[in-house]
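Read through the structure below, which is laid out as structure tokens, and then see the notes.
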Amino acid sequence: MRKLQLSWPVDRRTILKTSAAIAAVQFTSPYILKARGETPVRIGMVNPLTGVLSALAQSEVDGAKYAEAEINKKGGILGRQVELLVEDSANDVGTGVQKTRKLIDRDNVNAIIGDVNSGIAYAMSQVTNEKKIFHIVAGGHTDPITGTNCKWNVFRVCNTTTMDTSAITPELVKKFGKKWFFITPDYAYGHSLQDGFVKALTKLGGTFEGDMLPINNTDFSATLIKAKTFKPNVLLNNMGGLTQINCMKQFTQFGMQKEMALGGALFELESIKGCPPDAQAGWWDMEWWWNQPNVPEVVKFVADYRAATKKTPSARDWFGYVSMHSVRLAADKAKSLEGPKLAKALEDLELPPDVALQPGKVRYRAGDHELMPNIFIGEAHPPKSGPDDVFTVSALISGEEAAGSVADTGCKMVEPS
Amino acid sequence: MSTDVTIAAVAAARRPAVPRWVTLVVIWALLIAAPYWLPLLGGYTALAGRVLVFGLAAMGLNLLLGFTGVLSFGHAAYFGLGAYGAGLTLRYLVHSTPLAMLAGTLLGGLAGTLFGLLIVRRRGVYFAMCTIAFGQLWYYLAYSWNDFTGGFDGLRDFHREPIGFGPLTLDISEGGTRFYFFLLAIFAVAVTLLGLLVRSPFGHTLRAIRENERRARFLAIPVERQIWLSFSISCFFTALAGTLYALLNNFADPLALHYSLSGYFVVMCVMGGMRTFWGPLLGATVFVMLQDYISSMTVNWMSFVGTIFVLVVLFFPRGLLGLRRQRGET
């Protein structure tokens, strides 16, 4: 008898503990199942909320959440409430893919938004394409996403790197000269950006040199010394997020702002605000800018947004905002939430003024699924009238002009089978 | 190692708290039924696949860590090499899943075997440092060889191919339950091999080395050769897991080679119980589930995993399964 107890020691306490544990499980898990009972329209967002791109990713989430509340207040999508589910890709492709599968397989989302990191955005698009889910890339810039690797289910809100580079290059050459030095992150975004610049610069007869650095590089001294000896007219800082800020800080510590001009494609509101006043300089693209006093919709949007979120919307907030509204607009037009129908509906769809939030016509081009907004060219500077007044727009370049033709992008859209 | 710990370990191995066949039946029943019960708890099949892949990698590492007592902080290198090997084969060479798995496993395993020759005489922290350095070498290679490996963006444009058995074809390209069972079958074969190995005379010499290296040497056990073999074999298993990871994601990226992933493997082993055979699988399950659930709620999910790890190390130094063993002993 005693021997039996030893080999199978299940006593009363063990049974009690086990049943308590099973009971506890009943309380912890069903919240997921309960949510399934109602059927809101679910939109999944995958973004790198941790890592060097976190500030940009958080702004996109803020914009999308603001749009979620706004859409729900106005009756939702197809009469159903909207639910935004946000997942962290941790700036890691494997995690991003896993989270995308999770949103599609477990949460049954109707659309996917993401990712800021172009590499992850592309990997995600393989999954969404396989599962026939409507996918909006809010803020991943590399050309192939709507170029050589374009897919019927993938649309993009932010510009391509080609659009950003061809908009700013003539301005930089005219203002400063044709001898450039690049500091570029060594991944898809950086490569695509530098290629774009080099193409535009060599067309104008310029020369260049540059360094490719890891995406999360922290020490720029070697590269900056190299730049100093090259004596360029302009230093193009192509790094993104936190690394761009670090690079700028070291640039001013070296006192290089007196020797060369600064410029490049993107220096976003989040990054400008993270830099010391000395580095708040140079000529850049803005993909959307909050200070447009002549556009009444923008004035109203910025006031409402500030009241709701206590912050000024950046281009990233706008990306998130437009992405959510694009799902709504496509669903309203298609009267359906099926991927292929949503995609068809969004082609050549023109954004209404309260979503476009800028002058002129803004539409998703049917040929490559790229949004064609204006590109705001201007100069960064230390805060003037307020803490967010760090950029003055000097010109608007039409996106369509900067993007070139669909044939130039290399996109051959294959319709779903 | 004090003598009473040794005695306790030996005694525990001899007299498990629950009969071995019960453990096995429960584990395999849970694994086979995973696609059916996991969705009820808010999971999804791809998550179960991930558990199997990381579980196999951690169990492979555990042959070295738990059974030989040698700490490697660079096993992600072989995992990643397996993934890249499979991916590169599928992309550039042949569209065949079995060949891709073979190529990946050989690439990772042989890299480990060759590297093992260089470091078997190192012990403790020196051994661990060498493994990190070697692992990072592969990471930077994959990172900077843009044309071939896709650089930081990872290797893409390949996918699982259906497997043909003469007239029959197993189509795993869709993912879902069928692919899970494919993973499970590979996992079962690998784990059976690993189990036989651990119970073989070879496995016993490894444990002898772990418990007392000097005594093992006096017993004429070729310590260096055994450690080298243990390292190579564990690299082969981890590389096999890596090839499955590439098939699971249809993707390979440099972070699969990064030392932080090696750290996660060690965490899985320690958390689950590195002196037990199934401990790393439990550790991998807990780790993957926590990552999946908590990271949906907060961006600070690593703090939770870290806290749980610290608590496990403080209160159950033998890991979650080790706890059961101890209880069974008293």
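As they're listed, the protein sequences go chains A and B.
Position 7, counted from 1, in the first sequence is what numbering that gives the first Met the number 0 calls 6; the numbers after and before it change by one each time, with no gaps.
Position 302, counted from 1, in the second sequence is what numbering that gives the first Met the number 0 calls 301; the numbers after and before it change by one each time, with no gaps.
Beta carbons: idealized from backbone N, C-alpha and C, even for Gly.
Everything numeric in this text was worked out from a predicted model, so none of it was measured.
Classify residue i: buried if its beta carbon has 16 or more other beta carbons within 10 angstroms, exposed otherwise.
i, result
"H140/A", "buried"
"Q25/A", "With a pLDDT of 49 at Q25/A, under the threshold of 50, the modelled position of this residue cannot be trusted; read the value that follows with caution. Classification for Q25/A: exposed."
"H324/A", "buried"
"I31/B", "exposed"
"L195/B", "exposed"
"P372/A", "buried"
"L345/A", "buried"
"Y320/A", "buried"
"G165/B", "exposed"
"P292/A", "exposed"
"G36/A", "Caution applies to G36/A, whose pLDDT of 44 falls short of 50 and renders its modelled position unreliable; the model cannot decide the point."
"A307/A", "exposed"
"G398/A", "buried"
"L116/B", "exposed"
"V93/B", "exposed"
"E418/A", "With chain A covering only 0 through 416, there is no way to say anything about residue 418/A."
"L52/A", "buried"
"T284/B", "buried"
Could you spell out where the alpha helix (DSSP H) holding residue i opens and where it closes?
i, result
"R317/B", "Here R317/B belongs to no alpha helix (DSSP H), and DSSP marks it neither H nor E."
"D353/A", "352-355"
"V21/B", "19-36"
"E212/B", "212-217"
"L83/A", "Where L83/A is concerned, there is no enclosing alpha helix (DSSP H), although the beta strand (DSSP E) it sits in stretches over 81-87."
Would you list the residues sitting across from residue i in a DSSP beta bridge?
i, result
"F181/A", "G209/A, L235/A"
"M285/A", "F375/A"
"I111/A", "G43/A, H134/A"
"G163/B", "T168/B"
"F201/B", "For F201/B, which the question treats as bridged, DSSP gives no partner whatsoever."
"Y363/A", "L370/A"
"S165/A", "According to DSSP, S165/A bridges with nothing at all."
"I76/A", "R79/A"
"A99/B", "Per DSSP, none; premise fails for A99/B."
"E349/A", "R362/A"
"A120/A", "DSSP output for A120/A lists no bridge partner at all."
Between the Cα of residue i and the Cα atoms of the options, which residue gives the shortest distance?
i, options, result
"K248/A", "M259/A, F229/A, T228/A, T217/A", "T217/A"
"D367/A", "F318/A, L265/A, G403/A, G93/A", "G403/A"
"L51/B", "F181/B, T130/B, S95/B", "F181/B"
"R177/B", "I162/B, A189/B, V188/B", "I162/B"
"G138/A", "D185/A, V172/A, L241/A, V45/A", "V45/A"
"N290/A", "Q279/A, V392/A, P276/A", "V392/A"
"R90/B", "G149/B, G48/B, G107/B", "G149/B"
"A82/B", "A33/B, T237/B, C129/B", "T237/B"
"A184/B", "A240/B, V197/B, I208/B", "A240/B"
"A56/B", "W300/B, I131/B, D291/B, C268/B", "C268/B"
"M273/B", "T130/B, L63/B, V190/B", "L63/B"
"A417/A", "G205/A, L261/A, L192/A", "The shown model of chain A, from 0 to 416, leaves out residue 417/A, and the question about it has no answer."
"F264/B", "I26/B, G79/B, W20/B", "G79/B"
"Q80/A", "C274/A, V153/A, D194/A, R327/A", "R327/A"
"L48/A", "Q252/A, E59/A, G239/A, G338/A", "E59/A"
"K257/A", "E337/A, N232/A, N215/A, K360/A", "N232/A"
"P358/A", "M211/A, A365/A, F375/A", "F375/A"
"N248/B", "S71/B, L46/B, I232/B", "L46/B"
"P276/A", "L241/A, P382/A, L348/A, I111/A", "P382/A"
"L212/A", "Y304/A, K198/A, A122/A, H190/A", "H190/A"
"D106/A", "Y125/B, V24/B, F66/B, Y43/B", "Y43/B"
"K131/A", "P351/A, Y188/A, K340/A", "K340/A"
First and last residue of the beta strand (DSSP E) that includes residue i?
i, result
"G263/A", "260-265"
"R41/A", "40-46"
"F154/A", "153-155"
"F330/B", "Nothing can be reported for residue 330/B: it is not among the residues displayed for chain B, which extend from 0 to 329."
"I396/A", "390-397"
(message) Against chain A, which members of the stretch 34-60 of chain B pass a CB distance test of less than 9 Å?
(response) Near chain A, meaning a CB-to-CB distance below 9 Å, the residues of the stretch 34-60 of chain B are P38, L39, L40, G41, G42, Y43, T44, A45, L46, R49.
(message) Along the stretch 125-155 of chain B, where does the CB come closer than 8 Å to a CB of chain A? Name the residues.
(response) Answer set for the stretch 125-155 of chain B: Y142, S143, N145, G150, F151, D152, G153, R155.
(request) Could you please tell me which residues of the stretch 61-77 of chain B, in chain order, have their CB closer than 7 Å to any CB of chain A? (result) Answer set for the stretch 61-77 of chain B: empty.
(request) Please list the residues of the stretch 231-264 of chain B that have a C-beta atom closer than 7 Å to any C-beta atom in chain A, keeping them in chain order. (result) Of all residues in the stretch 231-264 of chain B, N248, N249, F250, D252, L254, A255 have a Cβ within less than 7 Å of some Cβ in chain A.
(request) Could you name the residues of the stretch 101-124 of chain A whose beta carbon sits closer than 8 Å to any beta carbon of chain B, in the order they occur along the chain? (result) Taking 8 Å as the Cβ-Cβ cut-off against chain B, the residues of the stretch 101-124 of chain A that qualify are K101, D104, R105, S117, G118, Y121, A122.
(request) Give the residues from the stretch 35-64 of chain A that approach chain B closer than 7 Å (Cβ to any Cβ), ordered along the chain. (result) The residues in question are L48, T49.
(request) Compile a chain-ordered list of the residues in the stretch 211-236 of chain A whose CB is closer than 8 Å to at least one CB of chain B. (result) Listed by position, the residues of the stretch 211-236 of chain A near chain B (Cβ gap below 8 Å) are P213, I214.
(message) To be precise: take each residue of the stretch 171-202 of chain A, compare its Cβ to all Cβ atoms of chain B, and keep it if any distance is under 8 Å. Which residues remain?
(response) So the close ones are D185, Y186, A187, H190.
(message) So if I threshold CB-CB distances at 7 Å, which residues from the stretch 77-103 of chain A count as touching chain B?
(response) Those residues of the stretch 77-103 of chain A that come within reach of chain B (Cβ to Cβ, closer than 7 Å) are E86, D87, D91, V92, G93, V96, Q97, R100, K101.
(request) Name, going along the chain, the residues of the stretch 294-307 of chain B whose beta-carbon falls closer than 7 Å to a beta-carbon of chain A. (result) Cβ contacts with chain A: S294, S295, V298.
(request) Pull out every residue of the stretch 167-186 of chain B whose Cβ sits closer than 7 Å to any Cβ of chain A, in chain order. (result) For the stretch 167-186 of chain B, which is checked against every Cβ of chain A, not one residue is closer than 7 Å.
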